[in-house]
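**Q** Residue numbers (my numbering): 18 to 275.
Note that CB positions come from ideal geometry on N, CA and C, so glycine has one too.
Just so it is clear, the structure is predicted and the values come from calculations on it, not from any experiment.
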Amino acid sequence: MGHQSCNSAPKQKLRKGLWSPEEDEKLYNHIIRYGVGCWSSVPKLAGLQRCGKSCRLRWINYLRPDLKRGSFSQQEEDLIVSLHEMLGNRWSQIASQLPGRTDNEIKNFWNSSLKKKLRQRGIDPATHKPIGGDASESQEEKPDNPTILSGPVDQVFPNFDQQYFTEHGVPPSMGFYGVNNSELYEYGYGESSSNSGGSNWNCSSVSGNEVLNWDSVTHIGNGILSEENFEPKFGVHTWQEHGDMNGGFEGDFNVEFF
DNA sequence: AATACCGTCAACCGCTGGACA
DNA sequence: CTGTCCAGCGGTTGACGGTAT
Numbered sequence: 018m019g020h021q022s023c024n025s026a027p028k029q030k031l032r033k034g035l036w037s038p039e040e041d042e043k044l045y046n047h048i049i050r051y052g053v054g055c056w057s058s059v060p061k062l063a064g065l066q067r068c069g070k071s072c073r074l075r076w077i078n079y080l081r082p083d084l085k086r087g088s089f090s091q092q093e094e095d096l097i098v099s100l101h102e103m104l105g106n107r108w109s110q111i112a113s114q115l116p117g118r119t120d121n122e123i124k125n126f127w128n129s130s131l132k133k134k135l136r137q138r139g140i141d142p143a144t145h146k147p148i149g150g151d152a153s154e155s156q157e158e159k160p161d162n163p164t165i166l167s168g169p170v171d172q173v174f175p176n177f178d179q180q181y182f183t184e185h186g187v188p189p190s191m192g193f194y195g196v197n198n199s200e201l202y203e204y205g206y207g208e209s210s211s212n213s214g215g216s217n218w219n220c221s222s223v224s225g226n227e228v229l230n231w232d233s234v235t236h237i238g239n240g241i242l243s244e245e246n247f248e249p250k251f252g253v254h255t256w257q258e259h260g261d262m263n264g265g266f267e268g269d270f271n272v273e274f275f
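Shown next, in the form of structure tokens:
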């Protein structure tokens, strides 16, 4: 296993623990001036008695200029809960959906605050299901359709167009979303089709840059099938996906927004 | 006033997987 | 194919401040 800990090559004594303002300044100035490059060489070049790993962490979690400071908003909180239900403890993927927030920050917030809040609401933070019900039963009983996302519409559909939404009651790209292995995908673009037979789409993951081609995607339920017959409604929407989706999700699933 | 307890958060540790020689 | 290096990830730890006893 080729891994290196900060302790494994103690040629010189490396500092540990909290960072001093002077160290912060050195690291910040170095990265602003020269960029990151190779983290293992950063401490030497920046004149720091730290390991590269420690520098990387300090930059990512504290010094980066694009970090959002302060407490989490209600919207952010709801989004974290939704994403956690979908992704589990994949903090970096969750963080990628919250600009300016770090995985560490979200993880701490979840462990110190959100878990407790959910329990107070009678929700098991591990399963996102009500506490007290027959757990074994709820585990084994297959839900009608999995709810893959739930939350305010602007969080369920991160890039939605507010004006369109106000006018139509649905996100502009309703019908341009899907799931693959329980991950939400946002289609980059698609050829509009007003019939119910499905369409061919190019799509990309919300959390990455992967581009997939799916044979067909059909959305059913609550009138959101095509432009000609959709009735804008909030609530749970059942969509159906089929065809070759690179081994991804196949079947019905629910998306709830409000 | 002292101290025990608790919550929060920054930082560390160990592991994994990708890149490369 | 194998070994090494490295970045990144998630779990854990420890310091610190606030509150309760």
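Counting C-beta neighbours from all protein chains within 10 Å, is the total for Lys43 16 or more, i.e. buried, or is it exposed?
**A** Counting C-beta atoms within 10 angstroms of its own C-beta, Lys43 has 16 or more neighbours from the protein chains shown and is therefore classed as buried.
**Q** By DSSP, does Ala63 sit in helix, in strand, or in coil?
**A** Here Ala63 sits in helix by DSSP.
**Q** On the DSSP letters alone, give me the boundaries of the alpha helix (DSSP H) that Asn98 sits inside.
**A** Note that residue 98 corresponds to Val in the displayed sequence, not to Asn. That run of the alpha helix (DSSP H) goes Gln91 to Leu104.
**Q** I'd like the list of long-range same chain contacts for Phe89, defined as Cβ closer than 7 Å, with 5 residues on each side in sequence excluded.
**A** If we look at Phe89 and ignore the five residues flanking it on each side, its Cβ neighbours are Phe126.
**Q** Looking only at DSSP bridge pairs, what is Lys146 linked to?
**A** Asp141
**Q** So does the stretch 92–99 actually touch the stretch 51–59, counting three or more Cβ pairs closer than 8 Å?
**A** no
**Q** Consult DSSP for Gly87 and reduce its assignment to one of helix, strand or coil.
**A** Of the three classes helix, strand and coil, the one that applies to Gly87 here is coil, per DSSP.
**Q** Exposed or buried, which one is Leu115 when buried takes at least 16 other CB atoms within 10 Å?
**A** buried
**Q** State the DSSP-derived secondary structure class of Leu74, mapped to helix, strand or coil.
**A** helix
**Q** Secondary structure at Arg32, three-state DSSP: helix, strand or coil?
**A** coil
**Q** Around the C-beta of Arg81, are 16 or more other C-beta atoms found within 10 angstroms, so that it is buried, or is it exposed?
**A** exposed
**Q** Where does Ser109 fall in DSSP's three states?
**A** helix
**Q** Helix, strand or coil: how does DSSP classify Leu131 here?
**A** Three-state DSSP puts Leu131 in a helix.
**Q** When the Cα atoms are used, what is the spatial distance from Cys68 to Ser57?
**A** 7 Å
**Q** For Trp36, which residues from the same chain have a beta carbon less than 6 Å from its beta carbon, with the 5 sequence-adjacent residues on both sides left out?
**A** Arg75
**Q** Tell me the DSSP secondary structure of Pro82 in three-state form.
**A** coil
**Q** With H, G and I counted as helix, E and B as strand and the rest as coil, what does DSSP make of Pro116?
**A** coil
**Q** Shortest alpha-carbon distance to Lys132 belongs to which of His145, Leu62 and Asp120?
**A** His145
**Q** Please classify Ser37: does DSSP put it in a helix, a strand, or coil?
**A** coil
**Q** Mark Lys33 as exposed unless 16 or more other C-beta atoms lie within 10 angstroms of its C-beta, in which case mark it buried.
**A** exposed
**Q** Tell me whether Gly69 sits in a helix, a strand or coil according to DSSP, three-state version.
**A** helix
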